[in-house]
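Trainee: Per our numbering, residue 508 is the first one in the sequence shown, and the count goes up by one each step. All C-beta atoms, glycine included, are put in the ideal place defined by N, C-alpha and C.
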Amino acid sequence: MEVLRIDFHTHIIPESFPDFAEKYGGERWPVLNRTCTCGAAIMVGGKNFRDVTDQVWDPKKRIDDMDREGVDIQVLSPIPVTFSYWAPPEQAEAMAKIQNDFIAETVNEYPDRFAGLGTVPMQDAKTAIREMDRCMNELGLHGIEIGTNINGQNLDHPDFIPFFEMAEKWEVPLFIHPWETLGKERMPNHNFMYTIGMPSETALAAASLIWSGMMEKFPKLKICFAHGGGSFPYLMPRLDQGWQVWPHLRLTTHPPSHYAKQFYFDSLNYDPMNIRYMMERFGSDKIFMGSDYPFLLREVNPGKVLDETLELTDAQRKAMLGGNAAEFLGLEKRKRGAAVASHTNTGG
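This is the structure in structure tokens:
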């Protein structure tokens, strides 16, 4: 069976960009400090936020890994630390444009191997909509990545309604990724910010969009959550129970589980048991392969958890490994066919 494999969840950053801390002032701007020819440190406020290898900016290195690991297309998205929602909108827009231009250039250079998601300054809806328009209609990107909260405001805040309204109107796919996690002051040890904080943050974002009535108001919004939706899928029964016992808090016609079926999720939960649960609750058509390439918590090889979910039908496996993501992003059949042919010819 010929299967197209699309890694929906990968991150990329330009090899170099201006030092915004020097240009605009402030300590929260990410700065890329090269540590060797094949790596760098992302610095924030003079401290090492994350070490990265040249896989995170070099498309040829990425393609080598893709060929070795059996990936036809990577969907490129920014690293959340670069969202810069805390900055003045015009400064964050400048940061976003650098990233979006770089992602578009990479996709245009290797159109059969990459698709791209942009970033927008969500702290100002008007500016975010303007850059979303540029991403989709000028740069030819395939969607937008946004954070799970904007400066501590959940995504159901009224300030963000115009953005979601336009995203629905323009049929823009949205990838929601955790950042600035809740409770991070309690997670300085054990890297709990990544293993506990991020999944919890994602659950809060998803629940906020549902409980507030946003998903009822905008039923055609196309939203995918990172990391298998974090802890959200497993909290659905509790959210439903809250809706049942607190009628005075209801803002929706139906219980939360009704609207949760509008969401999509990447497959990055590492365990076939979790995949089976998500299939039962949301359907196999709502799950995409995603690895978090090239970071340490990534799945190697991409799609491993789906390959190990043995009871999948051929149709389900084919859809989750690539078909669902292609449909969600609106990738052209021509592009998909070229990618399969390219991958097959390299013996991947």
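In this structure, does DSSP put V812 in helix, strand or coil?
Mentor: Looking at V812 - three-state DSSP - the assignment turns out to be helix.
Trainee: For G647, decide whether its Cβ has a neighbour in chain D, counting only Cβ atoms nearer than 8 Å.
Mentor: Of the chains in the structure shown, none is chain D; there is only one protein chain.
Trainee: With DSSP as the reference, label P801 as helix, strand or coil.
Mentor: In this structure, P801 counts as coil in the three-state DSSP scheme.
Trainee: On the DSSP bridge assignment, give the partners of I513 in chain order.
Mentor: DSSP output for I513 lists I580 as bridge partner(s).
Trainee: Using the Cβ count rule (16 or more neighbours within 10 Å means buried), how would you classify H761?
Mentor: By the neighbour-count rule (16 or more Cβ atoms within 10 Å), H761 is not buried but exposed.
Trainee: Considering only the beta carbon of each residue, do T688 and S715 sit closer than 8 Å?
Mentor: Cβ distance not < 8 Å, so T688 and S715 don't count as in contact.
Trainee: Reducing DSSP to helix, strand and coil, say where D773 ends up.
Mentor: Here D773 sits in strand by DSSP.
Trainee: Please report the residue range of the beta strand (DSSP E) in which E652 lies.
Mentor: That run of the beta strand (DSSP E) goes 650–654.
Trainee: Taking E534 as the reference, which of G552, Y766, F524 has the closest Cα?
Mentor: Taking only the C-alpha atoms, the option nearest E534 is G552.
Trainee: Do the segment 674–685 and the segment 648–666 touch if we need at least three Cβ pairs shorter than 8 Å?
Mentor: In short, these stretches touch, since the Cβ pair count reaches three.
Trainee: Is the distance from the Cβ of F732 to the Cβ of F699 below 8 Å?
Mentor: No, these two residues do not count as a Cβ contact at 8 Å.
Trainee: In or out: P566 buried (at least 16 other Cβ within 10 Å) or exposed?
Mentor: Classification for P566: buried.
Trainee: Indicate whether the contact test is met: 3 or more Cβ pairs, each with one atom in the segment 579–592 and one in the segment 616–630, closer than 8 Å.
Mentor: The segment 579–592, when compared against the segment 616–630, does touch it at the 8 Å Cβ threshold.
Trainee: What's the gap between the Cα of T626 and the Cα of M602?
Mentor: Cα to Cα, T626 sits roughly 9 Å from M602.
Trainee: Here's the rule: buried if 16 or more other CB atoms are within 10 angstroms of the residue's CB, otherwise exposed. What is V807?
Mentor: V807 is exposed by the Cβ-count criterion.
Trainee: Output the distance between the C-alpha atoms of H850 and M796, rounded to the nearest integer angstrom.
Mentor: Residue confidence for H850 is low, a pLDDT of 48 falling below 50, so the modelled location carries little weight and cannot support an answer.
Trainee: With a floor of 3 residues, list each beta strand (DSSP E) that falls wholly inside the segment 617–645, ordered by position along the chain.
Mentor: Entirely contained in the segment 617–645, the beta strand (DSSP E) runs reaching 3 residues are, in chain order, 621–626.
Trainee: Using a 10 Å radius around the Cβ and a threshold of 16 neighbouring Cβ atoms, would you call A848 buried or exposed?
Mentor: The predicted position of A848 is uncertain, since its pLDDT is 46 and thus under 50; a value taken from the coordinates is nonetheless stated next. Classification of A848: exposed, given that the 10 Å Cβ count is below 16.
Trainee: Just the C-alpha distance for I506 and L746, rounded to the nearest angstrom, thanks.
Mentor: Nothing can be reported for residue 506: it is not among the residues displayed for the chain, which extend from 508 to 855.
Trainee: So the alpha helix (DSSP H) G749 belongs to, where does it begin and stop?
Mentor: First-last of the alpha helix (DSSP H) with G749: 739–752.
Trainee: Confirm, please, whether the CB-CB distance from H518 to P585 is below 8 Å.
Mentor: Yes, these two residues count as a Cβ contact at 8 Å.
Trainee: Can you look up H869 in the DSSP assignment and give me helix, strand or coil?
Mentor: Here the chain has residues from 508 to 855 only, and residue 869 is not among them.
Trainee: Given a threshold of 16 other Cβ atoms within 10 Å of its Cβ, counted over all protein chains shown, does V679 qualify as buried or as exposed?
Mentor: V679 is buried by the Cβ-count criterion.
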